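To start, the structure itself, in structure tokens.
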Amino acid sequence: MILQALNEYYQRKSDDPDSDIAPEGFEHKEIPYILVLDESGELINIEDTQYTVNKKNRAQTFLVPKGEKRSSGIKAYLLWDNVEYVLGVVAKGKPERVFEQHEAFKEKIIELELSHDVGVNAVLRFLQKSPQSILENCEYKKEFLDKVPFVTFRMNGDTELVCQRKAVIDALKNPSYGDSGGKVGFCLVSGEFDKLAMTQYAVKGVRGTNTTGGNIVSFNKHAFEYYGKKQGANAPMGEKASFSYTTALNHLLGKDSKQKLQVGDATTVFWSDRKNHLENDFNALFDEPAKDNPDQLVETVKALLKSVDTGVFPPEDRETRFFILGLSPNVARISVRFWHVGTVYEFSEKIAQHFHDLELVHGAKQREYLSLWWLLRSLAAQGKTENIPPNLAGEWMRTILNGSPYPETLLQSALRRIHSERVVSYERAAIIKACLNRKNRFHVQPEKEMTVSLDIDNTNPGYRIGRLFAALEKIQEEASPGLNATIRDRYYASASGTPANVFPILLRMKNHHLGKLEKRREIYFEKLLSEVMGAIDAEGFPAQLNLSDQGRFAIGYYHQRQNFFTKSDKTKAENSGE
1 MILQALNEYY
11 QRKSDDPDSD
21 IAPEGFEHKE
31 IPYILVLDES
41 GELINIEDTQ
51 YTVNKKNRAQ
61 TFLVPKGEKR
71 SSGIKAYLLW
81 DNVEYVLGVV
91 AKGKPERVFE
101 QHEAFKEKII
111 ELELSHDVGV
121 NAVLRFLQKS
131 PQSILENCEY
141 KKEFLDKVPF
151 VTFRMNGDTE
161 LVCQRKAVID
171 ALKNPSYGDS
181 GGKVGFCLVS
191 GEFDKLAMTQ
201 YAVKGVRGTN
211 TTGGNIVSFN
221 KHAFEYYGKK
231 QGANAPMGEK
241 ASFSYTTALN
251 HLLGKDSKQK
261 LQVGDATTVF
271 WSDRKNHLEN
281 DFNALFDEPA
291 KDNPDQLVET
301 VKALLKSVDT
311 GVFPPEDRET
321 RFFILGLSPN
331 VARISVRFWH
341 VGTVYEFSEK
351 IAQHFHDLEL
361 VHGAKQREYL
371 SLWWLLRSLA
381 AQGKTENIPP
391 NLAGEWMRTI
401 LNGSPYPETL
411 LQSALRRIHS
421 ERVVSYERAA
431 IIKACLNRKN
441 RFHVQPEKEM
451 TVSLDIDNTN
461 PGYRIGRLFA
471 ALEKIQEEAS
481 PGLNATIRDR
491 YYASASGTPA
501 NVFPILLRMK
511 NHHLGKLEKR
521 REIYFEKLLS
531 EVMGAIDAEG
541 FPAQLNLSDQ
551 GRFAIGYYHQ
561 RQNFFTKSDK
571 TKAENSGE
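So the sequence shown is numbered by the working numbering: it starts at 1 and just counts up by one.
Written out as structure tokens, the structure is:
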């Protein structure tokens, strides 16, 4: 199903005249240097195509003949390759091996049988003139030897590369070129008869894979083969389908792709049967907004919620299929972390529900909507993405897209980070609220859902005790302004886990703190404590709170704290006459 969907996507992009997807037999490749030749094969100039983007060097991308995946073997690319293959210059390899690489590069060009073409003939003449000698007085010598970059050729005065000349393209399209007499069989992807591909082209762009790329389909060990079949014969796939699905996937995984995002350790790509709004907006809904457009997430989410809540959708959205593929590295192989198929309408509804579940009262300067990337960072030690709990992002994305309860490990991670840092942040509170509410919808005897802001009618012990803890902390802060640490820093973990052991101590401390306040504030807090503890006194403080009630404790604490700030702002406005 995955390969068939990618194959169909390639056909869709190929039929689009505005698409930049590579045609059959070609690929897009960043080539840092171009060797400019005259008709006699003399080197006229070396052009540097590199430029700087976000303080990083990038090279111009060119359409070049498709290269094969290579690891330890010698496989030359046609009319472009690294400097060891093209020039025969020993940079990082052994002299004997570099010699063989250079000979393979020349042989690849000779196989074209295009010596009559001016461009190809110029390249062959250049290769016969000890190309290594061009480095003697070359300003790029150090770069060539240190980084072994890709190079290619262009004729002086031309705008196209030699590998893009019409004669070369026609030769590559000729069925007889490169025909090794492979077996013809039934392709499991396209459903047609074709020459079978024994190996697959490399897939690049999945974070963490080898620089040479990896494969989704491969049979590189005897343990993966059966009935004596070798390599691709174990799962027959035609060469056209092999090229189509790998080219489509590499296109989606490209550096400048807007249909790719990183979900934890899973590199995620998405596409659909036809152009639609979700294909353009999906990245913005989950990834961190670009620095040049910080309001992108807010604008995109508001538009999505409006469409879902009002039911205003184009009719085709209910039929257009949408695909989401999560990939993660596994040495030279690529693992499928998750795969989701649905309609644009179905995914839009589920994503909208995700953002509704996260809605929570927050400060005026905080984000109105939280991206998945930002939420995951709030669960990582020191706020570093590399410390995000493994597999959590993929599991979370799966539950978002199928509308099921969030993984239990998500709630555990949020509570663990709060206990560790003793900070109930907006992001963590939003995660906990969403986890509890989604779990609650699938429960046989559901509890009252967590609200967006303070809920004074919620009598859940965990929620009430969380509110009480926030009130006691606020009393301490007002009684002793400028404290470096409050009861939260010392007692939060035990108060949320074993309240019966801690709150008698905190309530005795409270009496001391209230005595320091002015009468008006003392009366206010006495009334608040009476209201909060009204549902607690009858049964006393529980000996322990389970995981869900610890989450409710965190929400109650967060809601009450936010309510203090809101009331404070209202009081200031009233005093200033606004």
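Just so you know, even glycine gets a beta-carbon here, dropped at the ideal spot from N, CA and C. Model, not experiment: these values are computed from the prediction.
- The residues L37 and G41, in chain order, have a CB closer than 6 angstroms to that of F126 in the same chain once the five nearest residues on each side in sequence are set aside.
- For V148 against K92, the beta-carbon gap comes to about 6 angstroms, under 8 angstroms, which counts as contact.
- Three or more pairs of CB atoms, one per stretch, sit closer than 8 angstroms, so the stretch 483-496 contacts the stretch 413-431.
- For E47, the pairing in a beta bridge is given by DSSP as I34.
- A direct Cα-Cα distance of roughly 52 angstroms separates W374 from L43.
- Taking a C-beta distance under 9 angstroms as the contact criterion, I31 and I46 do not qualify as a contact pair.
- Counting only unbroken stretches of 4 or more residues, the alpha helix (DSSP H) elements lying wholly within the stretch 258-308 are 277-286, in sequence order.
- Taking I536 as the centre and dropping the five residues before and after it, the same chain places the C-beta of P461, R464, I465 and L468 closer than 8 angstroms to its C-beta, in chain order.
- By the CB criterion at 9 angstroms, M397 and I324 fall inside the cutoff.
- Nearest in C-alpha terms to E473, of all of I456, Y491 and T267, is Y491.
- For the pair R561 and A470, the CB atoms are nearer than the 9 angstroms cut-off.
- Every beta strand (DSSP E) of 3 residues or more that sits fully in the stretch 303-370 is shown, in chain order, as 321-330 and 333-343.
- A residue is called buried when at least 16 other Cβ atoms come within 10 angstroms of its Cβ; A303 does not meet this threshold and is exposed.
- Within the same chain, and ignoring the five residues on either side of N330 in sequence, the residues whose Cβ sits closer than 8 angstroms to its Cβ are G214.
- Around the Cβ of G232, a 10 Å sphere holds 16 or more other Cβ atoms; the residue is buried.
- Contact annotation: L278 and S348 have beta-carbon atoms nearer than 9 angstroms.
- DSSP places E103 in the helix class (H, G or I) of the three-state scheme.
- In the three-state reduction of the DSSP assignment, F150 falls in the strand class.
- By a beta-carbon distance limit of 8 angstroms, S130 does not contact N121. Their separation comes to about 18 angstroms.
- Shown here, H116 sits in coil according to DSSP, grouped into three states, outside any helix or strand.
- It is roughly 14 angstroms from the alpha-carbon of F144 to the alpha-carbon of T49.
- Per DSSP, reduced to three states, the secondary structure at L188 is coil, with no helix or strand assignment.
- Counting only the Cα atoms, D158 lies some 40 angstroms from A284.
- The beta carbon of A104 sits closer than 6 angstroms to those of I74 and A76, all from its chain and outside the five residues before and after it, given in chain order.
- Scanning the stretch 517-559 for uninterrupted alpha helix (DSSP H) segments of 4 residues or longer gives 519-533, listed from N- to C-terminal end.
- A contact between stretches requires three or more CB pairs, one per stretch, nearer than 8 angstroms, and the stretch 235-252 fails this requirement with the stretch 355-372.
- Counted as a single uninterrupted DSSP element, the beta strand (DSSP E) harbouring R58 occupies residues K56 to A59.
- According to the DSSP assignment, F219 belongs to no beta strand (DSSP E), since it is labelled neither H nor E.
- C-alpha of V336 to C-alpha of I475: approximately 52 angstroms in a straight line.
- H362 and K448 have their C-alpha atoms spaced approximately 21 angstroms apart.
- Cβ neighbours of R520 within its own chain (closer than 7 angstroms, five residues either side excluded): none.
- In this chain, the beta strand (DSSP E) harbouring D81 covers W80 to N82.
- Classified as exposed, A381 has fewer than 16 neighbouring CB atoms from the shown chains inside 10 Å of its CB.
- Within the same chain, Cβ atoms closer than 8 angstroms to the Cβ of Q128 are found at G41, the five residues on either side in sequence being excluded.
- If you ignore the 5 residues before and after G119, its C-beta comes within less than 7 angstroms of the C-beta of M155, V162 and R165, all in its own chain and listed in chain order.
- Beta-bridge partners of K195 (DSSP): V184.
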